[in-house]
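The numbering of the sequence shown is our numbering, which starts it at 17 and goes up by one. Ideal Cβ positions, reconstructed from N, Cα and C, are used throughout, including at glycine. To start, the structure itself, in structure tokens.
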Amino acid sequence: MVDLAYFDSDADKGEILNALREDGACVLTDVMSDDLRSRLDSELGPLMEATPTGRDDFTGRLTGRTGALVARSEASRELVMHPTITDLARQFLEPHTDSIQLHLTQIINIQPGQGAQPRHRDRLAWPQLPAEIEPQFNTIWALTDFTEENGATRVVPGSVKWDADRRATDEETRQAVMKAGSVLLYSGSVIHGGGQNLSEFERTGINITYCLAWLRTEENQYLSCPPRVARDLDPDLQEMLGYQLYGYALGYYSDPDGVTEVNDLRPPEFALDRSPRKKASSAALITD
């Protein structure tokens, strides 16, 4: 039996990464400031209230899921670009990529009476991906306390090393009990699922995940945060959303309104009214 590891927010990153690689999940405590959590509550509260609950047992018939957080919430952008988290994500995924991108942003609001979500692995978004490639670095930020009673996320530490057809038992499952402001880190390969809410209160978290920059993302960031919104964001965040080339040519576009004197194979930054700011290979598309 493997227990879930807990770390202080300033713990050694090597130890955190080792726990993620061995167990598939761990918790960082007290990462989010009270000020940021207050701003998130203020900005996201109306969105949560307006969001309908899920349409099936997986999304949760008593669970609200709200996306497009980068476009809708300035405070959410700080979570997406949290330096400790993005640094861990890059180190965790770097064996298979030289850059990462935002995979999805989602408020998950589990209401009283919601049953446990079926246990699963997030990496199944890409079913053909070889098992030796880890595609994701995931986070769930606690906006409320996560308790056993209100549906704290269930994870199966060590399941990253299991055969694909092995099923987890309740005895092998641990709940990510944590105070508001803490964050659960977990890989795309670990078995997990939302918990059952037996309390009288909502359990609210923000799911922000990152993936290898050469994979298609679950949330289509170009629609959730289109150029008219993204052009006003910080360049680091623009690139995290995917507004940059991967390697020499992945992600270029052509202007659908016509051919101009500008090279017709354009880097995504052109849609934001700027040129690429790094990687010589990006510039190769806009010369000659």
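Expected contact under 8 Å - CB spacing of residue i and residue j to nearest Å
{"i": "T79", "j": "G210", "result": "7 Å"}
{"i": "V43", "j": "S198", "result": "6 Å"}
{"i": "E150", "j": "S203", "result": "6 Å"}
{"i": "E148", "j": "Q191", "result": "Not a contact, Cβ separation roughly 29 Å."}
{"i": "Y229", "j": "R170", "result": "Residue identity check: residue 229 is Ala in the sequence provided, not Tyr. In fact, because the Cβ distance is near 29 Å, the residues do not count as touching under 8 Å."}
{"i": "G7", "j": "N213", "result": "The first residue shown for the chain is 17 and the last is 304, placing residue 7 beyond what the model contains."}
6 Å Cβ shell around residue i - same chain, five flanking residues per side excluded
{"i": "N125", "result": "M64, G80, E218 and T220"}
{"i": "F327", "result": "The structure shown does not extend to residue 327, since the chain spans only 17 to 304, so no value can be given for it."}
Proximity below 8 Å, CB of residue i to CB of residue j
{"i": "V206", "j": "V172", "result": "yes"}
{"i": "Q237", "j": "G267", "result": "no"}
{"i": "V176", "j": "G40", "result": "yes"}
{"i": "T121", "j": "L145", "result": "no"}
{"i": "S25", "j": "L60", "result": "no"}
{"i": "L201", "j": "R247", "result": "no"}
{"i": "A87", "j": "S240", "result": "yes"}
{"i": "R282", "j": "Y269", "result": "yes"}
{"i": "G83", "j": "R77", "result": "no"}
Local conformation of residue i per DSSP, three classes
{"i": "L118", "result": "strand"}
{"i": "A21", "result": "strand"}
{"i": "Y226", "result": "strand"}
{"i": "R219", "result": "strand"}
{"i": "I101", "result": "helix"}
{"i": "A168", "result": "coil"}
{"i": "L44", "result": "strand"}
{"i": "L60", "result": "helix"}
{"i": "L78", "result": "coil"}
{"i": "Y238", "result": "helix"}
{"i": "S297", "result": "Residue confidence for S297 is low, a pLDDT of 47 falling below 50, so the modelled location carries little weight; the figure read from the coordinates is stated next. S297: helix per DSSP, three-state reduction."}
{"i": "Q144", "result": "coil"}
{"i": "G197", "result": "coil"}
{"i": "Q191", "result": "strand"}
{"i": "R247", "result": "coil"}
{"i": "L257", "result": "coil"}
{"i": "S175", "result": "helix"}
Residue i at chain C interface by Cβ criterion, 8 Å
{"i": "D39", "result": "In the displayed structure, chain C is absent; only one protein chain is listed."}
Contacts around residue i, its chain only, beta-carbon distance under 7 Å, and the 5 residues preceding and following it disregarded
{"i": "A141", "result": "E234"}
{"i": "A196", "result": "R53, A158, L159, T160 and D161"}
{"i": "A184", "result": "R135, V172, S175 and I207"}
{"i": "M256", "result": "V96, M97, Q117 and L118"}
{"i": "Q254", "result": "A246 and L288"}
{"i": "A27", "result": "none"}
CA nearest to the CA of residue i, picked from the options
{"i": "S92", "options": "A180, F23, A158 and A132", "result": "A158"}
{"i": "D57", "options": "V278, C241 and I222", "result": "I222"}
{"i": "F74", "options": "Q130, E187 and L200", "result": "Q130"}
{"i": "T113", "options": "S291, Y262, D51 and N279", "result": "Y262"}
{"i": "L36", "options": "I101, S240, E277 and R290", "result": "I101"}
{"i": "D179", "options": "S215, N166, R137 and T276", "result": "R137"}
{"i": "P99", "options": "V47, P68 and I123", "result": "V47"}
{"i": "M17", "options": "Y269, D186 and L249", "result": "D186"}
{"i": "L231", "options": "I32, L249, P143 and T155", "result": "P143"}
{"i": "Q127", "options": "D50, P68, T45 and S270", "result": "P68"}
{"i": "P251", "options": "D103, S291, L20 and I32", "result": "S291"}
{"i": "D51", "options": "P243, Y22, A21 and E94", "result": "E94"}
{"i": "R293", "options": "T45, Q260 and R244", "result": "Q260"}
{"i": "I224", "options": "D103, T155, E277 and P62", "result": "T155"}
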